Amino acid sequence: MKNMFEPVIVCFCCRWCSYAAADLAGTMRLQYPASVRIVYVPCTGRVASVHLLRSLEKGADGVFVSGCLPGDCHYQTGNARAAKRVAHVKELVASIGMNPDRVEMFFNSAAMGPQFARCCIDFTERIRKLGPGLRGGSGGAGLVKSGSHGHTDRESSSEAHHGERGLP
1260 MKNMFEPVIV CFCCRWCSYA AADLAGTMRL QYPASVRIVY VPCTGRVASV
1310 HLLRSLEKGA DGVFVSGCLP GDCHYQTGNA RAAKRVAHVK ELVASIGMNP
1360 DRVEMFFNSA AMGPQFARCC IDFTERIRKL GPGLRGGSGG AGLVKSGSHG
1410 HTDRESSSEA HHGERGLP
């Protein structure tokens, strides 16, 4: 049954390199999992830790940031700041008992369409091996709402109002 699991992945892509690489992958008709949800950002330096954590909280099984190659950021240090934030989020998720491999940083240039597709495929396979994330396909039943004293409140969850997963 675990083989039927199709992980939902959120990918934050910078405008200048990684989003262009994703576009190139599409133009080249390269296949990568449809469950990879791309979020366009002007620069990965603008991706805050809360964006990564919120993606996991809202039901993503894995999240990655894909920025410009080291030394090639159009905003000079945005990709380096993003890499530090990703490392910090990996520490945070590990501290709450979640596998830090659910969070990752990749670097791609605009000409790296095949490599971008490979990142998506490899990361999705990694997450598939780890199994479902916080939501675990349970519709949020595994999450305890703050102040609920150990009881979940599925009726007020985003799934109850917005479908299976309330992703960004």
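With this note's numbering, the residue at position 128 of the sequence shown is 1387, and numbering never jumps.
Built from N, CA and C at the ideal position, the CB exists for glycine as well.
All figures in this text were calculated on a predicted structure; none of them were measured in a lab.
Nearest to Glu1316 by alpha-carbon distance, out of Cys1276, Arg1361, Gly1330, is Arg1361. With a contact defined as Cβ atoms closer than 8 Å, Cys1272 and Ala1281 qualify at about 6 Å.
By the CB criterion at 8 Å, Ser1294 and Glu1265 fall inside the cutoff. Thr1383 and Leu1389 have their C-alpha atoms roughly 10 Å apart.
In this chain, the alpha helix (DSSP H) harbouring Phe1382 covers 1372-1389.
For Gly1326, there is no enclosing alpha helix (DSSP H); the enclosing beta strand (DSSP E) covers residues 1321-1326.
With fewer than 16 other CB atoms across the displayed protein chains lying within 10 angstroms of its CB, Tyr1299 is exposed. The residue among Gly1330, Gly1356, His1310 with its C-alpha nearest the C-alpha of Val1322 is His1310. Within the same chain, Cβ atoms closer than 7 Å to the Cβ of Pro1391 are found at Phe1264, Asp1320, the five residues on either side in sequence being excluded. Here Thr1336 is exposed. Its C-beta has fewer than 16 other C-beta atoms within 10 Å. CA-CA distance, Arg1387 to Val1352, rounds to 18 Å.
An exposed status is given to Ile1355, since fewer than 16 other beta-carbon atoms sit within 10 Å of its beta-carbon. Beta-carbon to beta-carbon, Arg1296 and Ile1268 are separated by about 7 Å, close enough to satisfy the 8 Å threshold.
Beta bridge pairing from DSSP links Ile1297 with Cys1270.
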